[in-house]
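What follows is a short report on a single structure.
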Amino acid sequence: MRDRYLRNAQALSEADQGLLASKRALVVGCGGLGGYVIECLARIGVGKLRLVDKDVFEVSNLNRQLFSSEMNLGKPKVLAAQHRVMAINPLIEVEVVFSRFEDTDALALLDTCDVVVDALDNIPSRLRLQQYCKEAEITLVHGAVAGWRGQICVIRPGEDLLNILYGSSTQETGEEKRVGTLSFSPAVVGALEAAEVVKLLLAKPTMMRELLSIDLLHGKFERVKF
Numbered sequence: 007m008r009d010r011y012l013r014n015a016q017a018l019s020e021a022d023q024g025l026l027a028s029k030r031a032l033v034v035g036c037g038g039l040g041g042y043v044i045e046c047l048a049r050i051g052v053g054k055l056r057l058v059d060k061d062v063f064e065v066s067n068l069n070r071q072l073f074s075s076e077m078n079l080g081k082p083k084v085l086a087a088q089h090r091v092m093a094i095n096p097l098i099e100v101e102v103v104f105s106r107f108e109d110t111d112a113l114a115l116l117d118t119c120d121v122v123v124d125a126l127d128n129i130p131s132r133l134r135l136q137q138y139c140k141e142a143e144i145t146l147v148h149g150a151v152a153g154w155r156g157q158i159c160v161i162r163p164g165e166d167l168l169n170i171l172y173g174s175s176t177q178e179t180g181e182e183k184r185v186g187t188l189s190f191s192p193a194v195v196g197a198l199e200a201a202e203v204v205k206l207l208l209a210k211p212t213m214m215r216e217l218l219s220i221d222l223l224h225g226k227f228e229r230v231k232f
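Position one of the sequence shown corresponds to residue 7 (this note's numbering), numbered consecutively onward.
What follows is the structure, given as structure tokens:
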């Protein structure tokens with residue numbers, strides 16, 4: 007176990023590593039963003055992952071979704087994510103829910119979780135997830151991608167930052183459906199989401215009422231205060 011996290015040791019203390027092993031993260035969405043978030047959290051040593059997604063892999067996922075391959079087309083994304091985590095570290099506790107989170111008992115889903123990750127692809131679902139996190143008093147890490155662009159923010163209970171970003175939009179498909187998503191966009195945003203998750207779990211300083219806007223075409227990262 008010590009060797010597994012040897013390369014973490016210069017940045018994380020032994021106590022930090024032990025704390026991560028005791029924490030549970032809920033990742034809602036196991037596609038483009040979710041795949042990279044899950045990969046990062048598994049490799050850094052978050053001990054418990056609860057994964058939610060209703061979709062199966064399609065050919066159009068192959069350009070950007072980490073867990074997709076020719077071999078698992080038509081198969082549930084949550085199961086591919088579970089298999090990947092088990093291949094990385096079989097000691098991680100992985101729960102999978104093959105369903106839309108709206109079709110579950112959402113508050114029960116959030117129960118015992120220390121942090122929630124938004125890796126969804128539509129605005130109404132994101133707003134509902136934010137509301138459930140507010141009711142459960144759990145911090146939500148939001149991420150979104152479209153084309154060359156992406157964004158992340160950390161939403162503490164009661165802040166309702168997604169309402170400021172999206173208003174009352176009922177757009178059922180995300181911007182990525184219109185402009186596409188490139189392979190590296192979810193990789194960058196997913197890694198940044200994972201970093202915020204780890205900082206939250208370790209009680210380190212994280213983003214506060216601000217949006218990190220990412221423009222990979224022009225190499226620009228901009229912080230926008232709410």
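C-beta: ideal position from N, C-alpha, C; glycine also. Please read these numbers as outputs of a predicted model, since none were measured by experiment.
*asked:* Our contact map puts GLU45 next to LEU72 with C-beta atoms below 8 Å; I'd like the distance itself, whole angstroms only.
replied: Within the sequence shown, the letter at position 39 stands for residue 45. Within the sequence shown, the letter at position 66 stands for residue 72. Cβ-Cβ separation between GLU45 and LEU72: approximately 6 Å, consistent with a contact (criterion under 8 Å).
*Contained alpha helix (DSSP H) runs [length at least 4] in the segment 45-105, N- to C-terminal order*: Listed in chain order, they are 83-94.
*Fully enclosed by the segment 120-163, which alpha helix (DSSP H) runs are 4 residues long or longer?*
Scanning the segment 120-163 from its first residue to its last, the whole alpha helix (DSSP H) runs of 4-plus residues come out as 129-142.
*asked:* Rounded to whole angstroms, what is the Cα-Cα separation between THR118 and ARG30?
replied: The residue given as residue 118 occupies position 112 in the sequence shown. The residue given as residue 30 occupies position 24 in the sequence shown. The alpha-carbon separation between THR118 and ARG30 amounts to approximately 7 Å.
*For the beta strand (DSSP E) containing ASP22, list its first residue and its last residue.*
Start at 1 with the first residue of the sequence shown, and residue 22 comes out as number 16. Per DSSP, ASP22 belongs to no beta strand (DSSP E); it is in the alpha helix (DSSP H), 20-27.
*For VAL195 versus VAL230, is the C-beta distance shorter than 8 Å?*
For the purposes of this step, residue 195 is taken as residue 189 along the sequence shown, with counting starting at 1. For the purposes of this step, residue 230 is taken as residue 224 along the sequence shown, with counting starting at 1. Result no, Cβ atoms of VAL195 and VAL230 do not sit closer than 8 Å.
_LYS210, DSSP secondary structure in three states_ = Taking the sequence shown and counting its residues from 1, the one referred to as residue 210 is at position 204. Coil at LYS210, not helix or strand.
*asked:* Going by DSSP, what residue range makes up the beta strand (DSSP E) through ALA31?
replied: Along the sequence shown, read from residue 1 onward, the residue named residue 31 stands at position 25. Run containing ALA31: 30-34, per the beta strand (DSSP E) assignment.
_Can you give me the C-alpha to C-alpha distance between PRO192 and HIS89, rounded to a whole angstrom?_
By 1-based counting over the sequence shown, the position of residue 192 is 186. By 1-based counting over the sequence shown, the position of residue 89 is 83. A direct Cα-to-Cα measurement between PRO192 and HIS89 gives close to 20 Å.
*Around the Cβ of ASN69, are there at least 16 other Cβ atoms within 10 angstroms (buried) or fewer (exposed)?*
The residue you call residue 69 lines up with position 63 of the sequence shown. Exposed.
*What do you get for HIS148, buried or exposed, if any count of 16 or more other CB atoms within 10 angstroms of its CB means buried?*
Reading the sequence shown from its first residue, position 142 is the one you call residue 148. Buried: at least 16 other Cβ atoms inside 10 Å.
*Nearest-angstrom Cα distance between LYS54 and THR212?*
Position 48 of the sequence shown, counted from the start, is the residue given in the question as residue 54. Position 206 of the sequence shown, counted from the start, is the residue given in the question as residue 212. Using only the alpha carbons, I get a separation of about 21 Å.
*Using DSSP bridges, identify the partner residues of ARG229.*
Translated into the one-based positions of the sequence shown, residue 229 becomes position 223. As a beta-bridge residue in DSSP terms, ARG229 pairs with LEU218.
*Are three or more beta carbon pairs between the segment 130-146 and the segment 57-66 nearer than 8 Å?*
Taking 8 Å as the limit for Cβ pairs, the verdict is that the segment 57-66 does not touch the segment 130-146.
*Distance between ALA87 and PHE232 (C-alpha atoms, nearest Å)*: On the sequence shown, residue 232 is found 226 positions in, with the first residue counted as 1. On the sequence shown, residue 87 is found 81 positions in, with the first residue counted as 1. Roughly 34 Å between the two C-alpha positions.
*Terminal residues of the alpha helix (DSSP H) in which ASN169 lies*: Translated into positions along the sequence shown, residue 169 becomes position 163. Segment 167-172, the alpha helix (DSSP H) holding ASN169.
_Residues bridged to THR187 [DSSP beta-bridge criterion]_ = For the purposes of this step, residue 187 is taken as the residue at position 181 of the sequence shown. Looking at the DSSP assignment, THR187 forms a beta bridge with GLY153.
*Look at LEU188 and ALA142 and say whether their C-beta atoms are less than 8 Å apart.*
By 1-based counting over the sequence shown, the position of residue 188 is 182. By 1-based counting over the sequence shown, the position of residue 142 is 136. Contact: no.
*Can you check whether the CB of GLY186 is closer than 8 Å to the CB of ASP127?*
Counting from 1 along the sequence shown, the entry for residue 127 is found at position 121. Counting from 1 along the sequence shown, the entry for residue 186 is found at position 180. Not closer than 8 Å, so no.
*Below 8 Å CB to CB, which residues in the same chain sit around VAL65 once its five sequence neighbours on both sides are set aside?*
By one-based count along the sequence shown, residue 65 stands at place 59. Here the set comprises LEU79.
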